[in-house]
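Undergrad: FYI, the numbering for the sequence shown is 2 to 159, going by our numbering.
Glycine is no exception: its CB is placed at the ideal position from the N, C-alpha and C atoms.
Input: one structure, supplied below.
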Amino acid sequence: MTREQFISEVRACQGQLRRFLTSLCGDAVLADDIAQEALVRAYVASGHFVGNFKAWLFRVAYNCFVDNIRNLPEPTESLDAREVQQIVSDEGEESAFRKEELLRALARIPEKERTAIVLFYFEELSVKEIASVMQIPSGTVKYYLSVGRNHLKEIIRL
């Protein structure tokens, strides 16, 4: 992969990558740091890349997140309005409130469930692509999606 191809591919999915990482760690500044680390790692390894670039880049970013997770504070239960706007598009006041509620609930569920849900619903990756990113079987992804949805329902009802 040439430098120009790498830059073009990154530009095509950099917003999604940032939202993904922000959703995982609940901190936009930390997400940017992890994204930067992931992009450096990906660029260094891009000569060996073959396949779906977006899924591969998300895998690299997820690995960087996991490498950093031991040093992370617990995710915050709420995000400020500016961060919410960066994560989801504005579709009206009521919709924005519901999305903010969902993001607070996401911060409270286990990391693997949160990752699967964010990749599936926010980033629109397939179960197969999520399995590749998380390096787990597709059946496990389906399990995390199911259990994660149930946890979200319980939290939102409270």
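Is the region 130-144 in contact with the region 110-121, if contact means three or more CB pairs nearer than 8 angstroms?
TA: The region 130-144 is in contact with the region 110-121.
Undergrad: Let me check understanding here. Comparing Cα to Cα, which of Ile-35, Gly-48, Ile-70 lies closest to Val-61?
TA: Among Ile-35, Gly-48, Ile-70, the Cα nearest to that of Val-61 is on Ile-35.
Undergrad: Using three-state DSSP, classify Ser-127 as helix, strand or coil.
TA: Coil, per DSSP.
Undergrad: Cutting at 7 angstroms between CB atoms, please list the residues of its own chain near Ala-32, excluding the five before and the five after it.
TA: Closer than 7 angstroms at Cβ, skipping near neighbours: Arg-19, Leu-22, Thr-23, Cys-26.
Undergrad: Select from Ile-110, Ala-56, Arg-105 the residue whose C-alpha is nearest the C-alpha of Lys-129.
TA: Measuring from the Cα of Lys-129, the nearest candidate turns out to be Ala-56.
Undergrad: The alpha helix (DSSP H) spanning Asp-34 covers which residue range?
TA: Taken as a continuous stretch (DSSP letters only), the alpha helix (DSSP H) holding Asp-34 covers 29-46.
Undergrad: Can you name, in chain order, every residue of its own chain whose Cβ lies under 7 angstroms from the Cβ of Ala-10, other than the five neighbours on each side?
TA: The question names Ala, yet the displayed sequence has Glu at residue 10. Within the same chain, Glu-10 has close Cβ partners Phe-54.
Undergrad: In whole angstroms, give me the CA-to-CA distance for Ile-157 and Pro-111.
TA: When rounded, the distance between both Cα atoms is 15 angstroms.
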